[in-house]
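**Q** Got a structure here, written out as structure tokens. Questions coming.
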Amino acid sequence: MPILNQLITTILPFIPKTIVGQVAKKYIAGVHLSDGVRVAKNLNGNGMKTTMDLLGEDVKSAGEAELIKNGIISIIQSIKENKLDSNVSVKPTQLGLKIDKELGYLNLKKIIEEAGRLGNFVRIDMEDASTTDDTLAMYRRLCSDGFKNIGVVIQSYMHRSEADVRALVKNRTNIRLCKGIYNELPSIAYKKKQEIRDNFLKLLKIIIENGSYAGIATHDDYLIDHAYEIVQKYGLGKQQYEFQMLLGVREKRRNSIVSDGHNLRVYIPFGEQWYAYSMRRLKENPHMAWYITKAFFVH
Ligand code: FDA
0 MPILNQLITT ILPFIPKTIV GQVAKKYIAG VHLSDGVRVA KNLNGNGMKT
50 TMDLLGEDVK SAGEAELIKN GIISIIQSIK ENKLDSNVSV KPTQLGLKID
100 KELGYLNLKK IIEEAGRLGN FVRIDMEDAS TTDDTLAMYR RLCSDGFKNI
150 GVVIQSYMHR SEADVRALVK NRTNIRLCKG IYNELPSIAY KKKQEIRDNF
200 LKLLKIIIEN GSYAGIATHD DYLIDHAYEI VQKYGLGKQQ YEFQMLLGVR
250 EKRRNSIVSD GHNLRVYIPF GEQWYAYSMR RLKENPHMAW YITKAFFVH
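Numbering that gives the first Met the number 0 applies: residue 0 is where the sequence shown begins, and numbers increase by one.
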């Protein structure tokens, strides 16, 4: 099956969008804000927190970035109106970072201002390595402008991440820690599964030992089990960490984390721009080849 998966990964861009959509729909709440709200309500009702994410990345015009900024502000308002236990995630390139850094910054600032006004929090997702410096620079600028309702993401596959974490914890930054999903060069990123895991646990300890909040974002049993041990060893309270998972992935393990008494947040993507996100999720699915093959026949 792994060989078949590799083959399907290679031809994935040529598979019709309808087939990809059919297989990927479990990862996406839907295309409308109302879909995101419905899924968030359901998860909140089952004892889980959520992060809502308006899909879209790497916009090509200021107008597109403006539309996304307004869409994210509507999500924040809707979270308040519907009394959801949810925050939002944003991608710097969906706000115009690659068109003009100042444009990206100003759009992000407007979102964070509105979130602050409504008592909410904004997580700045981390994209590929070409954006890491600019994303962290935006975060530092927001901090020096006085905003506190923000957090960042650190990818354990990046060689630079230890230095980034050590700098961020000085400011008690709220950090989501994940492995990282982009295809980076071996000169800047760990490639071996165990190296990425080891670095994840090393970074998690640095975050916790320095009193920063840790969002432990993984579906990997090895990391979840070690994180349990770390949480216990350091005697962490629930206000110091949470587990985070993606919608549609490892729901049984997700439920067991909740019943073990930990906070768990589910990342809920929705929106018309579902394709790029779905392709990344499909490539990570160990059963992708089987699901795609099945979709061809039942379509
Ligand atoms: P791994 O990929 O090894 O998965 C562990 C196990 O989970 C697999 O063996 C499989 O059983 C199951 N699994 C994982 N993915 C699956 C899928 N799609 N379908 C079915 N089963 C699956 N990355 C990034 O670069 N920047 C970011 O900002 C974020 N943000 C983010 C938020 C949250 C809440 C999460 C959970 C993840 C991210 N990521 C991310 C993605 C992250 O970097 C990583 O790619 C995925 O979480 C997969 O890595 P795991 O640690 O889950 O391990």
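Just so you know, even glycine gets a beta-carbon here, dropped at the ideal spot from N, CA and C.
Output yes or no for whether 7 angstroms exceeds the beta carbon distance between LEU83 and ASN43.
**A** Contact flag set, yes.
**Q** Restricting to Cα atoms, I'd like to know which of THR92, GLY150, VAL36 is closest to PHE120.
**A** The residue with the shortest Cα to Cα distance from PHE120 is GLY150.
**Q** Leaving out five residues before and five after TYR181 in sequence, what residues of the same chain have Cβ atoms less than 6 angstroms from its Cβ?
**A** Closer than 6 angstroms at the Cβ level, and outside the excluded window around TYR181, lie ASP127.
**Q** Output yes if chain C places a C-beta closer than 7 angstroms to the C-beta of VAL257; else output no.
**A** Looking for chain C here will not work: only one protein chain is present.
**Q** Between ASN254 and ligand 1, is the CB less than 6 angstroms from at least one heavy atom?
**A** No; taking the cut-off as 6 angstroms, the Cβ of ASN254 has no heavy atom of ligand 1 nearer than that.
**Q** Starting from the N-terminal side, write out each stretch of the beta strand (DSSP E) that is 3 residues or longer and does not extend beyond the segment 220–268.
**A** Counting whole runs of 3 or more residues, the segment 220–268 contains the beta strand (DSSP E) stretches 240–245.
**Q** Which runs of the alpha helix (DSSP H), 4 residues or longer, sit entirely within the segment 16–55?
**A** Correct list: 16–23, 32–44.
**Q** Helix, strand or coil: which one does DSSP assign to LEU176?
**A** Strand.
**Q** So the candidates are GLU101, GLN239, ASN148, TYR227; which of them puts its Cα closest to the Cα of SER255?
**A** Here the closest residue by C-alpha is TYR227.
**Q** Give me, in chain order, the residues of the same chain whose beta-carbon lies closer than 8 angstroms to that of ASP220; leave out the 5 immediate sequence neighbours on both sides.
**A** ARG252.
**Q** Quick check: GLU113 and ILE75, are their CB atoms within less than 7 angstroms of each other?
**A** For GLU113 and ILE75, yes; Cβs fall inside 7 angstroms.
**Q** Is GLY179 near ligand 1 - that is, is its Cβ less than 6 angstroms away from at least one heavy atom of it?
**A** Flag set: Cβ of GLY179 near ligand 1.
**Q** Three-state secondary structure (DSSP) at ARG196?
**A** Looking at ARG196 - three-state DSSP - the assignment turns out to be helix.
**Q** Please report the distance separating the alpha-carbon of VAL265 from that of LYS237.
**A** Distance between the alpha carbons of VAL265 and LYS237 is about 16 angstroms.
**Q** Closer than 6 angstroms to a non-hydrogen atom of ligand 1 - does that hold for the CB of PRO12?
**A** It does not: the Cβ of PRO12 is nowhere closer than 6 angstroms to a heavy atom of ligand 1.
**Q** From the DSSP output, read off the bridge partner residues of SER88.
**A** Answer by DSSP bridge pairing, in chain order: ASP52, ARG122.
**Q** Would you be able to state if there are at least three C-beta pairs under 8 angstroms between the segment 59–71 and the segment 276–294?
**A** Contact between the segment 276–294 and the segment 59–71 is absent, because fewer than three Cβ pairs lie under 8 angstroms.
**Q** If distances are taken between C-alpha atoms only, which option among PRO91, ASP224, SER33, ILE291 comes closest to LEU105?
**A** Of PRO91, ASP224, SER33, ILE291, the residue nearest in Cα terms is PRO91.
**Q** From the DSSP output, which residues share a beta bridge with ALA213?
**A** ILE174, TYR240, per the DSSP bridge assignment.
**Q** At a cut of 8 angstroms, does the segment 176–194 reach the segment 154–168 through at least three beta carbon pairs?
**A** Because the criterion of three Cβ pairs below 8 angstroms is met, the segment 176–194 and the segment 154–168 touch.
**Q** Ordered along the chain, which non-local residues of its own chain (more than five positions away) have a Cβ less than 6 angstroms from that of GLY46?
**A** Same-chain partners within the cutoff: VAL257.
**Q** Please report the distance separating the alpha-carbon of PHE269 from that of GLY55.
**A** Approximately 9 angstroms between the Cα atoms of the pair.
**Q** Straight-line CA distance for SER129 to LEU200?
**A** When rounded, the distance between both Cα atoms is 25 angstroms.
**Q** Buried or exposed for GLN243, please, with buried defined as at least 16 other CB atoms from any protein chain shown within 10 angstroms of its CB.
**A** Buried is the call here.
**Q** Using the Cβ count rule (16 or more neighbours within 10 Å means buried), how would you classify ASN170?
**A** Exposed: under 16 other Cβ atoms inside 10 Å.
**Q** Express the C-alpha separation of ARG139 and LEU202 in angstroms, rounding to a whole number.
**A** Roughly 20 angstroms between the two C-alpha positions.
**Q** For a test of the three-state rule: what should DSSP assign to GLN154, helix, strand or coil?
**A** Strand.
**Q** Tell me whether ILE98 sits in a helix, a strand or coil according to DSSP, three-state version.
**A** Three-state result, ILE98: coil.
**Q** Alpha carbon to alpha carbon, how far is ILE291 from LYS40?
**A** So the alpha carbons of these two residues sit roughly 30 angstroms apart.
**Q** I'd like to confirm the pairing. Which residues does DSSP put opposite ILE149 in its beta bridges?
**A** ILE149 is bridged to VAL121.
**Q** Heavy atom of ligand 1 less than 6 angstroms from the Cβ of HIS225, yes or no?
**A** Flag unset: Cβ of HIS225 not near ligand 1.
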